[in-house]
Amino acid sequence: MPVRRISIVDFRNLVGVDLEFGDGRIAVIGDNAQGKTNLMEALAWLATASSFRGDPTGALVREGAEQAILRAEVEGGGRTTLLEVELAAVGRNRMQVNRNRVSRVRDLLGHLVTTVFGPDDLALVKGGPVGRRRYLDDLLVASHPRHHGLVTDLERILRQRNTLLRQAGGRMTPDVESTLDVWDDKLTGVGDELGQARRDLVVLLRPEVADILDVLGDGTRPATME
1 MPVRRISIVD FRNLVGVDLE FGDGRIAVIG DNAQGKTNLM EALAWLATAS
51 SFRGDPTGAL VREGAEQAIL RAEVEGGGRT TLLEVELAAV GRNRMQVNRN
101 RVSRVRDLLG HLVTTVFGPD DLALVKGGPV GRRRYLDDLL VASHPRHHGL
151 VTDLERILRQ RNTLLRQAGG RMTPDVESTL DVWDDKLTGV GDELGQARRD
201 LVVLLRPEVA DILDVLGDGT RPATME
């Protein structure tokens with residue numbers, strides 16, 4: 001899915017950028033703090049509808065601007081797709097695919113697929129399971145955009161449940177227990193469904209990981225994923 005053109009307005013420190021890309025590998029070279037990583041982040045946002053740095057939308061809009069605008073022409077499947085996003089400093093974002101407004105994030109996903117690898121990705125190996133689960137969820141959404149709803153539902157339920165416990169302040173009244181039971185039931189349902197999707201993804205990844213380990217290793221230790 002090559003990107004043929006990208007236009008960026010008021011995204012972080014990028015006031016106005018308009019680039020066209022040819023075939024083959026492309027290297028982005030510039031001075032420190034010139035915006036190289038911000039360019040990559042803009043492309044990745046169009047692919048994932050989120051910042052790989054973990055920042056909220058408001059932090060992506062250049063200081064003093066009301067919104068950032070991202071546009072990209074992406075080739076794939078014998079056609080060119082135009083992706084457009086307006087990121088609001090305050091309020092709701094707007095998304096369009098081929099000039100048609102879409103209201104669901106999943107409708108933006110899948111047109112552009114990116115892989116970001118940076119220093120923080122070493123946490124996949126060195127860090128705890130939270131980062132690996134998050135990475136699996138990113139893969140799920142990239143390969144099957146319909147799973148975006150599952151991931152966001154789980155995050156929403158956890159926030160609501162944690163808010164309830166924080167507001168209760170350790171006092172488990174009958175009302176709190178009743179409401180907590182509702183959130184626990186929802187958490188179990190969504191968690192089970194997402195857990196199965198993660199397990200299915202691991203099954204698909206096993207042969208790919210085994211092939212990569214054969215190339216990198218000496219072939220004496222087979223790769224396993226559970």
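Take the sequence shown: its letters are residues 1 to 226, numbered as in the UniProt record's numbering.
From the three backbone atoms N, C-alpha and C, an ideal C-beta is built for every residue, glycine too.
Just so you know, these numbers come straight off a predicted model, no measurement behind them.
Out of curiosity, what's the CA-to-CA distance linking residue i and residue j?
i: residue 99; j: residue 75; result: 16 Å
i: residue 207; j: residue 27; result: 31 Å
i: residue 25; j: residue 153; result: 38 Å
i: residue 194; j: residue 54; result: 21 Å
i: residue 180; j: residue 150; result: 20 Å
i: residue 79; j: residue 172; result: 58 Å
i: residue 49; j: residue 93; result: 10 Å
i: residue 234; j: residue 174; result: Missing from the structure shown is residue 234; the chain here goes from 1 to 226 and no further.
i: residue 86; j: residue 95; result: 6 Å
Since residue i contacts residue j with CB under 8 Å, what's their CB separation in whole angstroms?
i: residue 68; j: residue 61; result: 5 Å
i: residue 131; j: residue 139; result: So it is not a contact: roughly 13 Å between Cβ atoms.
i: residue 157; j: residue 209; result: Going by Cβ atoms, the distance from residue 157 to residue 209 rounds to 31 Å, so no, they are not a contact pair.
i: residue 176; j: residue 187; result: Rounded, the Cβ-Cβ distance is 16 Å, inconsistent with contact.
With a threshold of 8 Å between beta-carbons, can residue i be considered close to chain C, or not?
i: residue 121; result: Absence of chain C from the displayed structure is noted, only one protein chain being present.
Less than 8 Å separating the beta-carbons of residue i and residue j?
i: residue 201; j: residue 148; result: no
i: residue 58; j: residue 105; result: no
i: residue 142; j: residue 102; result: no
i: residue 183; j: residue 160; result: yes
i: residue 116; j: residue 107; result: no
i: residue 198; j: residue 136; result: yes
i: residue 111; j: residue 83; result: yes
i: residue 10; j: residue 65; result: yes
Quick one: any contact between the region 36-52 and the region 6-16, if contact means 3 or more CB pairs under 8 Å?
-> yes
Which residue spans inside the region 76-149 form an unbroken beta strand (DSSP E) run of at least 3?
-> 79-88, 94-97 and 100-102
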